[in-house]
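Notes follow the structure.
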Amino acid sequence: MLWNAGMKNDFLALKNANPDYQVWVTGHSLGGAMASVAASSIVHLGYSTASNLKLYTFGQPRTGDKTFAAAHDKLIPESYRVTHKADMVPHVPPENLLSYFHHQSEVWYNNDMTPGSSHVECNADESKKCSDGLLIKLSIQDHLKYFDTDVSGYGVAGCR
31 MLWNAGMKND
41 FLALKNANPD
51 YQVWVTGHSL
61 GGAMASVAAS
71 SIVHLGYSTA
81 SNLKLYTFGQ
91 PRTGDKTFAA
101 AHDKLIPESY
111 RVTHKADMVP
121 HVPPENLLSY
131 FHHQSEVWYN
141 NDMTPGSSHV
151 ECNADESKKC
161 SDGLLIKLSI
171 QDHLKYFDTD
181 VSGYGVAGCR
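My numbering numbers the first residue of the sequence shown as 31 and each following residue consecutively.
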């Protein structure tokens, strides 16, 4: 609905005005889930090639089931779900509830995400080597701070 209510026309106008530009799709939290669906749709509908589109999400919840994850992985080869430490949102809805499942690849910062911080990249959809390996201790505070920036009011503050 959001796509047909105006995003599609805006996207196509920008894409046609800048045909040599790469398409980067990004979002945080629910915006990350929406970005994931939008990126898949953009490639599936032929508005961009897979090689010209990159997806970066932050604190993205599980967005679809295994079928969606597999289709997404084929459509968007350069797709990264960035997770800060024990951010709780990437763990909802629970994997065993209605078969929700992440697409690849997760980039996990098991630290404060300050410049120079190390990270682990997991190319499997639900790798226990990244944040899915955490047992219980999850945090809303880690969801609200990415790359040493409080993102809870980021958009309201004009993305500053």
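Using N, Cα and C, we set each Cβ at its ideal position, and we do this for glycine too.
Meets three-Cβ-pair contact criterion under 8 Å: the segment 107-123 and the segment 162-175 = yes
Minimum C-alpha distance to residue 94 - residue among 60, 32, 46 = 60
query = Are the segment 130-139 and the segment 84-100 in contact at 8 Å, needing three or more beta carbon pairs?
reply = By the Cβ test, the segment 130-139 is in contact with the segment 84-100, since at least three Cβ pairs between them sit closer than 8 Å.
query = So residue 55 and residue 68 are in contact, right, with Cβ under 8 Å, and what is the actual spacing, rounded?
reply = Taking a contact as a CB-CB distance under 8 Å, the pair residue 55 and residue 68 counts as one, their CB atoms being some 6 Å apart.
query = So residue 139 packs on residue 115, CB below 8 Å; how close in whole Å?
reply = Contact between residue 139 and residue 115 holds: their C-beta atoms lie close to 6 Å from each other, under 8 Å.
inquiry  = What does DSSP give as the partner residue(s) for residue 151 in the beta ladder?
reply    = Looking at the DSSP assignment, residue 151 forms a beta bridge with 137.
ask   = So what does residue 88 bridge to, in DSSP terms?
value = 58, 112
request  = Please go through the same chain and pick out, in chain order, the residues whose beta-carbon is closer than 7 Å to the beta-carbon of residue 153, but skip the five residues on each side of it.
outcome  = Once the five neighbours on either side are set aside, the close Cβ partners of residue 153 are 134, 135.
ask   = Per DSSP, what kind of secondary structure is residue 131 in: helix, strand or coil?
value = strand
request  = Between the Cα of residue 166 and those of 181, 108, 124, 184, spot the shortest distance and give me the residue it belongs to.
outcome  = 124
query = Helix, strand or coil: how does DSSP classify residue 75 here?
reply = In the three-state reduction of the DSSP assignment, residue 75 falls in the coil class.
query = For residue 73, does the count of other Cβ atoms within 10 angstroms reach 16, so buried, or fall short, so exposed?
reply = buried
query = So who's on the other strand from residue 175, going by DSSP bridges?
reply = 180
query = Do you know offhand how far residue 102's Cα is from residue 70's?
reply = 6 Å
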